[in-house]
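K.L.:
Submitted below is the structure of interest, expressed as structure tokens.
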Amino acid sequence: MLQGLGHGCIEKLEIKNCRLIQRTNTDYVIPTALDFPKIESATIRNPYENGPFGAKSAGELTFIGAPVAYALAVENALGINICKIPVTPEYLMEVINNE
Numbered sequence: 004m005l006q007g008l009g010h011g012c013i014e015k016l017e018i019k020n021c022r023l024i025q026r027t028n029t030d031y032v033i034p035t036a037l038d039f040p041k042i043e044s045a046t047i048r049n050p051y052e053n054g055p056f057g058a059k060s061a062g063e064l065t066f067i068g069a070p071v072a073y074a075l076a077v078e079n080a081l082g083i084n085i086c087k088i089p090v091t092p093e094y095l096m097e098v099i100n101n102e
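Okay, structure coming up:
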């Protein structure tokens, strides 16, 4: 879940002159536990006949929806159109100033 939210608001790859600006892992910012509130999860028994031991995936699917959910939440909260992900503070200021 945090990885998906990080993709929605923090993580970005920038290219300048055909080269990545974030050339190492120290330049690529990822979220930490301090960036988001505590998340609680619950296990719901609903066996999946095609999964091993009736299991379903838990991580990959949240990565797909979380960035979009974050962007839509910001859109609804601020009443502005978000046209790209990640929704960084710099991008928000740009959008707000152009409204």
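Note that our numbering has the sequence shown beginning at 4, numbered continuously upward. A virtual CB, placed ideally from N, CA and C, is assigned to each residue, including glycine.
1. Hey, would you say Val90 sits closer than 8 Å to Tyr73, going by beta carbons?
2. Looking only at DSSP bridge pairs, what is Arg48 linked to?
3. Glu17 and Val32 look like a contact to me (Cβ under 8 Å); what is the Cβ gap, rounded to whole Å?
4. Could you name the residues of the same chain whose beta carbon sits closer than 7 Å to that of Phe39, not counting the 5 residues immediately before and after it, in chain order?
5. Could you check where the alpha helix (DSSP H) with Asn101 kicks off and where it finishes?
6. My understanding is that Ile83 touches Pro70, with C-beta atoms under 8 Å, so please give their C-beta distance in whole angstroms.
7. Between Lys59 and Tyr51, is the Cβ-Cβ spacing less than 8 Å?
8. What are the residues that DSSP puts in a beta bridge with Arg22?
9. Cys12: buried (16+ other C-beta within 10 angstroms of its C-beta) or exposed?
P.N.:
According to the structure shown:
1. Locating residue 90 in the sequence shown gives position 87, counting from the first residue. Locating residue 73 in the sequence shown gives position 70, counting from the first residue. Contact: yes.
2. Looking up residue 48 in the sequence shown gives position 45. According to DSSP, which records beta bridges pairwise, Arg48 is partnered with nothing at all.
3. Stepping through the sequence shown from its first residue, residue 17 is reached at position 14. Stepping through the sequence shown from its first residue, residue 32 is reached at position 29. Not really, about 11 Å apart at Cβ, beyond 8 Å.
4. Locating residue 39 in the sequence shown gives position 36, counting from the first residue. Leu5, Leu8.
5. Numbered from 1 along the sequence shown, position 98 holds the residue referred to as residue 101. Element bounds for Asn101: 92 to 101.
6. Numbered from 1 along the sequence shown, position 80 holds the residue referred to as residue 83. Numbered from 1 along the sequence shown, position 67 holds the residue referred to as residue 70. With a contact defined as Cβ atoms closer than 8 Å, Ile83 and Pro70 miss out at about 17 Å.
7. Position 56 of the sequence shown, counted from the first residue, corresponds to residue 59. Position 48 of the sequence shown, counted from the first residue, corresponds to residue 51. Yes, the pair counts as a contact, with Cβ atoms nearer than the cut-off.
8. The residue given as residue 22 occupies position 19 in the sequence shown. Answer is Lys19.
9. Start at 1 with the first residue of the sequence shown, and residue 12 comes out as number 9. In the assembly as shown, Cys12 is a buried residue. Its beta-carbon has 16 or more other beta-carbons within 10 Å.
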